[in-house]
Amino acid sequence: MKQKKPIIRRRWILFGLAVYTLLREGFFAYQHYRMSDLPKDSILIPPMISEIEPPMRPGLNGIWIMGAPVKTLYFEVNPYHAGSRSLQWNELPPNTRVKINCYVDPSGNLLIDSYEIEGHPAAGNHIIETLRTWKYRNLKTGEINFDFKLPSRREKLTIYTKLRRKASIPDSLEIFDGRLYNIDGIEDNELKIEKM
Numbered sequence: 000m001k002q003k004k005p006i007i008r009r010r011w012i013l014f015g016l017a018v019y020t021l022l023r024e025g026f027f028a029y030q031h032y033r034m035s036d037l038p039k040d041s042i043l044i045p046p047m048i049s050e051i052e053p054p055m056r057p058g059l060n061g062i063w064i065m066g067a068p069v070k071t072l073y074f075e076v077n078p079y080h081a082g083s084r085s086l087q088w089n090e091l092p093p094n095t096r097v098k099i100n101c102y103v104d105p106s107g108n109l110l111i112d113s114y115e116i117e118g119h120p121a122a123g124n125h126i127i128e129t130l131r132t133w134k135y136r137n138l139k140t141g142e143i144n145f146d147f148k149l150p151s152r153r154e155k156l157t158i159y160t161k162l163r164r165k166a167s168i169p170d171s172l173e174i175f176d177g178r179l180y181n182i183d184g185i186e187d188n189e190l191k192i193e194k195m
């Protein structure tokens, strides 16, 4: 009886290999049958790669780009300015309510004109002290107001801007608004930026 089990296993293994071989050969025969209707050009791969013409390379009989390089300018908080601190959004208490009216001077400094603190005074003072360290790239000047409403269900921070380009920057250069805040951890749906 001990001899029959290995023999039965061998027979099943041989039977499985035979079925696999038949299926594989049947698949290849079916593919050959399907390809027999196709023209020879679409079946054969060209034998020499040198027959394929390489595409034109830019700069060599191809595209020539002329003119001065376009410089993209962004008005944003400079996070690499010495002493600039980022505000940690997740560390603010949920009842923080602060309105801060600021002005960006020609050198990019953020000057605080007035503020109203409701809800959590220590958090409001922390926000104000952090904003005092921010310095913008000196491309625009004007008013920028921050309205922190953490108890709100919608936008928890609204930034109102009334900025104009500096007179020393030529009109031919386009200035885009970049990141107007240096806050870590804030979600896009918690933030709204509006022009005054």
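Each residue of the sequence shown is one higher than the one before, counting from 0 in numbering that gives the first Met the number 0.
Think of the CB as a built atom: it goes at the ideal place given N, C-alpha and C, for glycine as much as any other residue.
Note that the structure is predicted; figures quoted are calculated from it, not measured.
- DSSP lists ASP183 as the beta-bridge partner residues of GLN87.
- In this structure, LYS134 is the residue among ARG153, THR71 and LYS134 with its C-alpha nearest to the C-alpha of ALA81.
- With fewer than 16 neighbouring CB atoms inside 10 Å of its own CB, ILE168 falls in the exposed class.
- ASN77 and SER83 have their alpha carbons spaced roughly 8 Å apart.
- Around the Cβ of TYR19, a 10 Å sphere holds fewer than 16 other Cβ atoms; the residue is exposed.
- Minimum Cα-Cα distance from ILE111 among the listed residues PRO93, THR132 and ASN94 corresponds to THR132.
- A Cβ-Cβ separation of about 11 Å leaves ILE158 out of contact with LEU130 under the 8 Å criterion.
- Taken in chain order, the unbroken stretches of beta strand (DSSP E) that lie wholly in the region 98-147 and span 3 residues or more are 109-117.
- Three or more Cβ pairs closer than 8 Å define a contact, and the region 148-155 meets that threshold against the region 90-101.
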